[in-house]
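Engineer:
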Amino acid sequence: KVFPSGTCPPLCMFGENHLSLCDLNSLLYQQGLDHYQSENLHPLWRTKRRWTITTFELEEEDKGPFPKLAGELFNNVSYNMSIKYLISGPGVNESPEFGLFSIEDDANGHVYVHRTIDRENTPFFKIRFDVAHTMTGKIADRSLFFNIKIKDINDNAPKFPKEEFNITIKENHDTDEPVFQVTALDKDEEDTANSRVTYSLTTQTPNLKEPRFDLNPTSGFIVISGCLDHQTASSFKLLIKARDHGTPQMSSTATVNIAIEDTNNHLPVFTKENYQWQIEEGKVGPGVLRLQVEDQDSPNTPAWRAKYKIVKGNEKEQFIVETDPKTNEGILSVIKPLDHEGDSEKRLVISVENEEPLFSCHKGKLRSLPVAPISVSVAVKVLDRNDAPEFHPPTLVFQKEEGVKPGTRLGKYSAVDPDVVYKVVHDPAGWVTVDENSGVITAMKELDRESPYVNDGVYPIIIHAIDDGIPPQTGTGTILLYLSDINDHMPTLVTRFLEVCDKARLTPLIIKAEDKDSHPYASPFTFKLADDSKILAFLLLGDSVELLRLRNLPHGKYLVPLLILDRQGFSMKQNLSVRLCRCPDGRVCEDPNSVQLSLGGGAIAMILAALLVMDLGRDYLNNPSTFGRGEGHSKLAVASQEKDLGFIVENSVETCVQRAVMIEKATLGCMKSGLESNTIMCLSQKYNENRKGPEMSSGNEQSWEVFHLRRK
1 KVFPSGTCPP LCMFGENHLS LCDLNSLLYQ QGLDHYQSEN LHPLWRTKRR
51 WTITTFELEE EDKGPFPKLA GELFNNVSYN MSIKYLISGP GVNESPEFGL
101 FSIEDDANGH VYVHRTIDRE NTPFFKIRFD VAHTMTGKIA DRSLFFNIKI
151 KDINDNAPKF PKEEFNITIK ENHDTDEPVF QVTALDKDEE DTANSRVTYS
201 LTTQTPNLKE PRFDLNPTSG FIVISGCLDH QTASSFKLLI KARDHGTPQM
251 SSTATVNIAI EDTNNHLPVF TKENYQWQIE EGKVGPGVLR LQVEDQDSPN
301 TPAWRAKYKI VKGNEKEQFI VETDPKTNEG ILSVIKPLDH EGDSEKRLVI
351 SVENEEPLFS CHKGKLRSLP VAPISVSVAV KVLDRNDAPE FHPPTLVFQK
401 EEGVKPGTRL GKYSAVDPDV VYKVVHDPAG WVTVDENSGV ITAMKELDRE
451 SPYVNDGVYP IIIHAIDDGI PPQTGTGTIL LYLSDINDHM PTLVTRFLEV
501 CDKARLTPLI IKAEDKDSHP YASPFTFKLA DDSKILAFLL LGDSVELLRL
551 RNLPHGKYLV PLLILDRQGF SMKQNLSVRL CRCPDGRVCE DPNSVQLSLG
601 GGAIAMILAA LLVMDLGRDY LNNPSTFGRG EGHSKLAVAS QEKDLGFIVE
651 NSVETCVQRA VMIEKATLGC MKSGLESNTI MCLSQKYNEN RKGPEMSSGN
701 EQSWEVFHLR RK
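Residue numbers (the numbering used here): 1 to 712.
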């Protein structure tokens, strides 16, 4: 129906809100338009104004009765067709709530609410409205989206996150710094009186004039006015209220418990003005004196724990003072011996302060105090005692040459003490004696550097000096007797007997020598082959050489005469016994009936010497430039003229020496023939016969093999 202009009756009326439907071409009723535009809806232009809707005014916690009319809507397409109104969205068929809103009669557009709404859960609902053709169900106009806002009421009080807070602050807390901040939240609509919170301090326990705790009503910061004193109040309890500004006003409370941590506002004080203390000289040890202090701050805190320091009288660093962590006492100890003769009385000044700096309160304000530590005087009396004699120096060095004869004065070693008796307490070889009155050291036996009691040429001697005090005291001194070596020992064979298996012709035997003397009277040694004829030989240097067989020999014992010289040329002739044997297992000799053969002695030696000179002379005449050398090799010939006879000794390369086998054969032949009257002629004849190659036919005639020496 179209009403004439100016005759618009009200469509519906409830409370102060109503919507009148006038000429469809006129403007919307201003109240409905304002609400519609306030919810960010597109304005309906004159040619498109088809939707008309009342104001939806819903208040939270409305108790009904339900269903309750929430508002009405109209679309002018109903003039041209039969339509029905549709509603959907949150609160209808979507979360957060289902079935909260509905259109009971889809032909008239009345919107109903069915239950109480909590604005704190859902502050508004965005509803969709549609119109559809009744018969076809086809949507006849564009959808209308409308925000239904829920009106807030003051149904929530401000709430603290906890009902009780426990905090700890230091006694010297700065008054310019907040102690704590309390906050309370109100679930009512933000930026309204219902949610605006104001804080207030209800009570303070204990309620002191100073200090006072103040609370900022807007921010909730708690601050201090005045200075805290742990000894006066070690804790406080504050009751805080938070209230909103809604109607009716709502509030809640919380408790703040503040513990005060003690800090240093009291100095430690010694319980005595001075201390007297006696100690025997020479003694050291902990805990000789305890210093007590009193402190009003809380025990076992940095404000109470004491630090002690010796500020005077400890220039020699003989004392130390430490803190007993249980009693807080200062423990004075002696760490270096005191000397009565040097300083019979000492005066120490010891100060004390706390681990934590001192502070004070002046007119309600904190301030640090650079106060000098409190000190006390300690008088130390050093008692005399019988000191032990002291040798100067504690270790004395004597340097002597070995071989010093008994009765020789080695030196004097005395101690600093008027009445002492000297005794030798360590002399493992029994070489020395000491005059008990003067301390003069005298040799009792010949000194030998090669003694097993001498280590690296040093022989230690320990002397005691004993005084006549009660009780007697003993001083100890050490003498280090350095013995320089003399050449009083000849080089000798380490072993004089060697065995070799007959099948091991190429396996060398090692000849080793040793000398008890030290450098330069010992190695390297010179090895020579020698016999009773004192045949000369060329030098071989080293600590050992190798002995080789040049060819097979009969089983038996062979004596190899050797000369071994030290670096100074001192030597002693020695025989090396070489046993040539059969070895069933290839390694160890069996027990044989050995036959000992020896080179040297008598006429054989003279013949060997003569032939040696001849042979060496020929070599020298033929090759004078290389005689005895040849690429560093030295030659030793002990033989006749034949090149295939003799002993061979070499240094580092081969040296040819003639074999003496044929000469020995010749000698044996002459002795059997009884030609002793013409020994030289017989030997010459037999030698020439043997040169032609005939073998010895007699079982008594043995074939000798000469040995070969070379550097190991």
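Ideal placement from N, C-alpha and C gives every residue a C-beta, glycine not left out.
Identify every residue that forms a DSSP beta bridge with Ile150.
Structural biologist: Leu58
Engineer: Beta-carbon within less than 8 Å of Lys283's beta-carbon, same chain only, minus the 5 sequence neighbours each way: which residues are those?
Structural biologist: Annotation for Lys283: Val334, Pro337, Leu338 place their beta carbon closer than 8 Å to its own, counting only its chain and skipping 5 residues before and after.
Engineer: Going by C-alpha distance, which of Gly64, Val560, Ile564 is nearest Asp543?
Structural biologist: Ile564
Engineer: To the nearest angstrom, how far is the alpha carbon of Arg196 from that of Glu190?
Structural biologist: Going by the C-alpha atoms only, they are around 8 Å apart.
Engineer: Is it true that the CB of Asn300 sits closer than 7 Å to the CB of Glu356?
Structural biologist: no
Engineer: Glu281 and Arg385: beta carbons closer than 7 Å?
Structural biologist: Cβ distance < 7 Å, so Glu281 and Arg385 count as in contact.
Engineer: Using 7 Å as the threshold, is the C-beta distance between Leu228 and Pro206 below it?
Structural biologist: no
Engineer: Does DSSP put Tyr413 in a helix, in a strand, or in coil?
Structural biologist: Under the three-state reduction of DSSP, Tyr413 is assigned to coil, being neither helix nor strand.
Engineer: Since Asn354 and Trp304 should fall inside the 8 Å C-beta cutoff, what is the C-beta to C-beta distance between them, to a whole number of angstroms?
Structural biologist: 7 Å
Engineer: Taking just the CA atoms, how far does Asn437 sit from Asn575?
Structural biologist: 54 Å
Engineer: Could you compute how far the alpha carbon of Met250 sits from the alpha carbon of Trp51?
Structural biologist: 42 Å
Engineer: Reducing DSSP to helix, strand and coil, say where Val179 ends up.
Structural biologist: coil
Engineer: Residues in its own chain within less than 6 Å of Trp45 by CB, not counting five upstream and five downstream?
Structural biologist: Since pLDDT at Trp45 reaches only 42, below the 50 mark, its modelled position is unreliable, and no value is offered.
Engineer: Tell whether a beta-carbon distance below 7 Å holds between Ile331 and Phe319.
Structural biologist: no
Engineer: Report the rounded CA-to-CA distance for Thr476 versus Val380, giving the unit in angstroms.
Structural biologist: 30 Å
Engineer: Drop a sphere of 10 angstroms on the beta-carbon of Tyr523, count the other beta-carbons inside from all chains shown, and report buried for 16 or more, exposed for fewer.
Structural biologist: Reading the sequence as shown, one finds Ser at residue 523 and not Tyr. Ser523 should be labelled buried.
Engineer: Got a sec? Which residues, its chain only, sit under 8 Å from Asp343 by beta carbon, not counting five neighbours each side?
Structural biologist: Val382
Engineer: Can you say whether Ala140 is buried or exposed, counting buried as having 16 or more other CB atoms within 10 angstroms of its CB?
Structural biologist: buried
Engineer: Rounded to whole angstroms, what's the CA-CA distance from Arg142 to Ile222? Just pull it up for me.
Structural biologist: 59 Å
Engineer: Please identify the residue among Thr442, Ala429, Glu446, Met444 whose C-alpha is closest to the C-alpha of Asn455.
Structural biologist: Ranking Thr442, Ala429, Glu446, Met444 by Cα distance to Asn455 puts Ala429 first.
Engineer: Can you list, in chain order, the residues of its chain whose CB lies under 8 Å from that of Gly602, leaving out five sequence neighbours each side?
Structural biologist: Since pLDDT at Gly602 reaches only 39, below the 50 mark, its modelled position is unreliable, and the value read off the structure follows with that caveat. If we look at Gly602 and ignore the five residues flanking it on each side, it has no Cβ neighbours.
Engineer: From the DSSP output, in three-state form, read off Ser716 for me.
Structural biologist: An answer regarding residue 716 cannot be provided, because it is not within the stretch 1 to 712 covered by the chain.
Engineer: Distance check for Ile350 and Glu315, CA to CA, integer angstroms please.
Structural biologist: Distance between the alpha carbons of Glu315 and Ile350 is about 13 Å.
Engineer: Which residues in the same chain as Ser88 place their Cβ atom closer than 6 Å to its Cβ, once the five residues preceding and following it in sequence are excluded?
Structural biologist: Arg128
Engineer: With 16 other CB atoms within 10 Å as the buried threshold, where does Thr168 fall?
Structural biologist: Thr168 should be labelled exposed.
Engineer: Identify whether Ile479 lies in helix, strand or coil by the three-state DSSP scheme.
Structural biologist: strand
Engineer: Under a three-way DSSP split, which group does Leu267 fall into?
Structural biologist: Leu267: coil per DSSP, three-state reduction.
Engineer: When you compare only the Cα positions, how much space is there between Glu57 and Gly64?
Structural biologist: 14 Å
Engineer: Could you work out which residue in Glu177, Asn172, Leu86, Phe125 is closest to Thr134 when comparing CA atoms only?
Structural biologist: Leu86
Engineer: Who does Cys501 pair with in a DSSP beta bridge?
Structural biologist: Cys581
Engineer: If we count the other Cβ atoms within 10 Å of its Cβ and call it buried at 16 or more, is Phe98 buried or exposed?
Structural biologist: exposed
Engineer: Going by the DSSP bridge assignment, what does Thr442 pair with across the sheet?
Structural biologist: Arg409, Thr433
Engineer: Excluding the 5 residues preceding and the 5 following His245 in the sequence, name in chain order all residues of the same chain whose CB lies nearer than 8 Å to its CB.
Structural biologist: Ala193, Asn194, Arg196, Thr198
Engineer: May I ask you to report which of helix, strand or coil DSSP gives Ser200?
Structural biologist: If DSSP states are grouped into helix, strand and coil, Ser200 belongs with the strands.
Engineer: Under DSSP, the beta strand (DSSP E) around Ala513 begins and ends at which residues?
Structural biologist: 509-514
Engineer: Taking 7 Å as the threshold (C-beta atoms), are Val131 and Val714 in contact?
Structural biologist: Coverage of the chain is limited to positions 1 through 712, which leaves residue 714 absent and any answer about it impossible.
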